[in-house]
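full-length UniProt numbering numbers the first residue of the sequence shown as 1 and each following residue consecutively.
Just so it is clear, CB atoms sit at the ideal spot from N, CA and C, and this is done for glycine as well.
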Amino acid sequence: MRYPGHECGLCASACPISAIDTGAGVPMPGGECIGCGQCVLACPSVALQVDGFELPARGPGGTEVEIDCWRVPLAESARGALRVPCLAGIDTVWLLTLFDLAATPEERLIRLLDRGGCASCPVGAGTAKLNAALADARALLAESGVSDSVLPRLTLRPANLPLAPSIPTSAGALSVDRRGFFRGLMGGMPRDGVGIAVAGAPEEPMRHTAQPIGRERIADAVSRIAARHGREMSSEVLDRWSAPMCADCGEPFSGAASDLCPACFRKVKLQQGMAALFRPSA
């Protein structure tokens, strides 16, 4: 993505509304970006970011942690619920980090809510990506000794109030006037778009900046969670979630499925076979 002739295009492929143009060699978000976060999950170099998926500094209160998307009216969300732009932008790292953060010290169930609009959402992702992330998170937590009763899950709970026609510009931007409502029906409110994390970055080859952030955070989180349950994660499990290495340059992969090394941009074949960041091969 950073050198002429080596554009990977995974972010553009992941965008459900084709709002990213990689023609210039770097992702150039269009003004129609809806902020769903799917391009962030696809980026192998952790170079993209969108607002709204930040985790709280401390775990929220209550016996459960409920998660709503921004299309859900504020009045429908339980007090203390977390609100994100779109459930399709949640990955295994996010779920495990939140689960670890939410311990008080008892583990608390994380309940992601489908308010009846996921299947027909204008983002078009449905729940397939979320279910894949949930499956991996649940498997790792079960191996860590977590009871099935508190494993993260997706629950269908239709909203009583109408959902916003598109992802709003912020978690609370749901009270709109008549003009704003019809503007939303015609394509949504304008957003700043996806952010490209380049400001202030050192000018050095990409191989020095690409890091297996997601995989490292997964290993760290499950190790802490397992320790709370008197377990030690096996080296087999931790190795499975360690970053695969490029045979050509020796640098770790850090993102989604691709046969293109984000450090040296050579097409490589991994020893384990190339799998998505959160869908490692068995």
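Taking 3 residues as the minimum length, the beta strand (DSSP E) runs contained wholly in the region 97 to 182 are 109 to 114 and 153 to 156, in order along the chain.
The straight-line gap separating the alpha-carbon atoms of Ser149 and Leu134 is approximately 14 angstroms. Counted as a single uninterrupted DSSP element, the stretch harbouring Val72 is not any alpha helix (DSSP H), since DSSP gives it neither H nor E. Annotation for Leu87: no alpha helix (DSSP H) segment contains it, and DSSP assigns it neither H nor E. Shortest Cα-Cα distance from Ala132 to any of Ala164, Cys8, Pro73 and Asp91 involves Asp91.
Across the set Arg58, Thr63, Cys39 and Arg224, the C-alpha of Arg224 shows the shortest separation from the C-alpha of Ser144. Distance from Ile167 to Gly35 at the Cβ level is roughly 6 angstroms; contact confirmed, criterion being Cβ atoms closer than 8 angstroms. By the criterion of a C-beta distance shorter than 7 angstroms, Val72 is surrounded in its chain by Arg115, Ala159 and Leu163, once the five residues flanking it on both sides are discounted.
By alpha-carbon distance to Gly124, the top candidate from Ile17, Met233 and Asp51 is Ile17. For Glu232, the secondary structure class from DSSP, reduced to helix, strand or coil, is coil. DSSP, read as helix, strand or coil, puts Asp21 in strand. Ala219 and Val146 have their C-alpha atoms some 16 angstroms from each other. Annotated three-state conformation of Val93 is helix, per DSSP.
Glu66 sits buried, since 16 or more C-beta atoms from the chains shown fall within 10 Å of its C-beta.
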